[in-house]
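Peer 1:
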Amino acid sequence: MQIERKFSFSLSRLSCFEFCRRAYFYRYIFSWGGWEEAADPLVRKAYRLKNLSGSKAWLSEIFRRTVRRFIREKTSSRTNPDLLLVGKSEFNRAWDEAVSKGPQCLPSGKTRSISELHYGGREAGAVLRSALANEFRTLLANFAESGFLREYGPIPYLQFRDLAAPESVEIGGVAVYISPDFLVLRGDEAETVNIHLGGFRDIRNWDFAAAFSAIFAGIRSRAARVSCRSVFFAPGELSVWASRPEHEARYLVVEKSSEMISFERECGGDAPPREEQEKCAGCEFRGICLQVPAAMPQPDT
Ligand code: SF4
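Using my numbering, the final residue of the sequence shown is 614, and nothing's skipped along the way.
#1: Across which residues does DSSP place I484 in a beta bridge pair?
#2: Between which residues of its own chain and L462 is the CB-CB distance below 8 Å, once the five residues before and five after are set aside?
#3: Looking only at its own chain, which residues have a Cβ that is under 6 Å from the Cβ of S373, when we skip the five neighbours before and after it?
#4: Does the beta carbon of A503 sit closer than 8 Å to a beta carbon anywhere in chain D?
#5: Are there three or more Cβ pairs, one per stretch, closer than 8 Å when the region 528 to 536 is compared with the region 487 to 505?
#6: With 16 other CB atoms within 10 Å as the buried threshold, where does N621 fall?
#7: Kindly list the residues whose CB is nearer than 7 Å to the CB of P548, restricted to its own chain and excluding five residues on each side of it in sequence; keep chain order.
#8: Can you say whether A562 is buried or exposed, counting buried as having 16 or more other CB atoms within 10 angstroms of its CB?
#9: Provide the residue(s) that pair with S543 in DSSP beta bridges, ordered along the chain.
#10: Could you spell out where the beta strand (DSSP E) holding D475 opens and where it closes?
#11: Does the Cβ-Cβ distance between K592 and G466 come in under 8 Å?
#12: Which of helix, strand or coil does DSSP assign to I384?
#13: State the CB to CB distance for the pair V487 and V566, rounded to an integer number of angstroms; the pair is presumed to be in contact (CB under 8 Å).
#14: R499 lies in the beta strand (DSSP E); which residues open and close that run?
#15: Return the chain-ordered list of same chain residues with a C-beta closer than 6 Å to the C-beta of W400, the five sequence neighbours on each side being excluded.
#16: If you follow the alpha helix (DSSP H) that A454 is in, where does it begin and where does it stop?
#17: Please list, in chain order, all residues of the same chain as S344 whose beta carbon is under 7 Å from its beta carbon, the five residues on each side excluded.
#18: For the region 465 to 482 and the region 569 to 586, state whether three or more C-beta atom pairs, one from each stretch, are separated by less than 8 Å.
#19: Around the Cβ of M544, are there at least 16 other Cβ atoms within 10 angstroms (buried) or fewer (exposed)?
#20: Tell me which residues share the same chain as R557 and place their Cβ nearer than 6 Å to its Cβ, disregarding the 5 neighbours each side in the sequence.
#21: According to the Cβ coordinates, are V489 and S323 closer than 8 Å?
#22: Nearer than 7 Å: is that true of the beta carbon of E559 relative to any heavy atom of the ligand SF4?
#23: Is any non-hydrogen atom of the ligand SF4 found closer than 7 Å to the C-beta of A336, if you look at the structure I gave you?
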């Protein structure tokens, strides 16, 4: 079955576009179809590399997953879940997937791995695991003492939804993928929560993420008033109730989508020039970027 490649906007797509046009090409154009066994080996490789993330982003995802699961279990069952056990099971499951399967092309879907692990090998893996596990324990200890947990722990599950997978809403005619961590409903008021790992000065576009969450909550809940809360664990805790104005968020989607679509049209199947910069050292695609021949197979779009 042929799957159609459709454009959709997300902040991670925008940040890749702004990071490096060539990385964008690999991630969103060239790797398309790389999950197929019959695909060109280079395309399959690009697809595997696309499923890598840096250790910081990986840890952030595991932390958010743990927080969502813990709060869900705490508020929907009479049992009192153990935060450390929930965290341990999420961490071990994700680590085992990253180590044993790596970033593969599977018919059942993709498996994720960690860039430093992929490029650093097994020896680097042991050191990385211990560093990430220590950081994760500190984060959980912090979270256990947080004002956020004191406030959210007692809210009945029926009053909120945890949004584990990105959902899309249409903004300016473009599908936008949004993944707030929680949507809380209190009467005709809604509050979205985005959890971040890092200080609010370090997290790029968190204010746009909050604005998209507010648009999403307005559409899904039909609440009269929507507020957005961004919680930064760095590893201390800071809650910020602020976002970009809605018109700026809409403008960003329309403007940047148009730039990305034009870029995709213009480059076709040809990778843009390499960017010889320091950022290449941490880029997921360096394993293909430095070995791709001049003429590459055309992606099947
Ligand atoms: S290795 Fe450098 S030039 Fe190549 S895709 Fe990554 S950031 Fe861009």
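Where is the CB? At the ideal position from N, CA and C, for every residue including glycine.
Peer 2: Taking the geometry as given:
#1: As a first step, residue 484 is located in the sequence shown; it is residue number 171 there, counting from the start. Its beta-bridge partners are V487.
#2: Position 149 of the sequence shown, counted from the first residue, corresponds to residue 462. Contacts found: I384 and F456.
#3: By 1-based counting over the sequence shown, the position of residue 373 is 60. Same-chain partners within the cutoff: L510.
#4: The chain labelled as chain D is not found in the depicted structure, where only one protein chain is given.
#5: yes
#6: Nothing can be reported for residue 621: it is not among the residues displayed for the chain, which extend from 314 to 614.
#7: In the sequence shown, residue 548 corresponds to position 235, counting from 1. Here the set comprises T451, L452 and N455.
#8: Taking the sequence shown and counting its residues from 1, the one referred to as residue 562 is at position 249. Looking at its Cβ environment, which holds 16 or more other Cβ atoms inside 10 Å, A562 is buried.
#9: Here residue 543 refers to the residue found at position 230 when the sequence shown is read from its first residue. N507 and V553, per the DSSP bridge assignment.
#10: Looking up residue 475 in the sequence shown gives position 162. Per DSSP, the unbroken beta strand (DSSP E) holding D475 starts and ends at F473 to D475.
#11: As a first step, residue 592 is located in the sequence shown; it is residue number 279 there, counting from the start. As a first step, residue 466 is located in the sequence shown; it is residue number 153 there, counting from the start. No, they are not a contact pair.
#12: Stepping through the sequence shown from its first residue, residue 384 is reached at position 71. Three-state result, I384: helix.
#13: As a position in the sequence shown, residue 487 is number 174, starting the count at 1. As a position in the sequence shown, residue 566 is number 253, starting the count at 1. With 8 Å as the limit, V487 and V566 qualify as a contact, their Cβ atoms being about 5 Å apart.
#14: Position 186 of the sequence shown, counting from 1, holds the residue named residue 499. It spans F495 to R499 - the beta strand (DSSP E) in which R499 sits, taken as one unbroken run.
#15: As a working note, residue 400 is residue 87 in the sequence shown. This sequence places Gly at residue 400; Trp is not what is there. Within the same chain, G400 has close Cβ partners T379 and L453.
#16: The sequence position of residue 454 within the sequence shown is 141, counting from 1. Per DSSP, A454 belongs to the alpha helix (DSSP H) from S428 to A457.
#17: As a working mapping, residue 344 is identified with position 31 in the sequence shown. Closer than 7 Å at Cβ, skipping near neighbours: V356, A359, Y360 and K363.
#18: no
#19: One-based indexing of the sequence shown puts residue 544 at position 231. For clarity, residue 544 is Val in the given sequence; the question names Met instead. Burial call: buried.
#20: Reading the sequence shown from its first residue, position 244 is the one you call residue 557. The answer, listed in chain order, is D520, F521 and A524.
#21: Locating residue 489 in the sequence shown gives position 176, counting from the first residue. Locating residue 323 in the sequence shown gives position 10, counting from the first residue. In this structure, S323 lies closer than 8 Å to V489 by Cβ.
#22: By 1-based counting over the sequence shown, the position of residue 559 is 246. E559: no, Cβ never under 7 Å from the ligand SF4.
#23: Locating residue 336 in the sequence shown gives position 23, where the first residue counts as 1. A336 Cβ: within cutoff of the ligand SF4.
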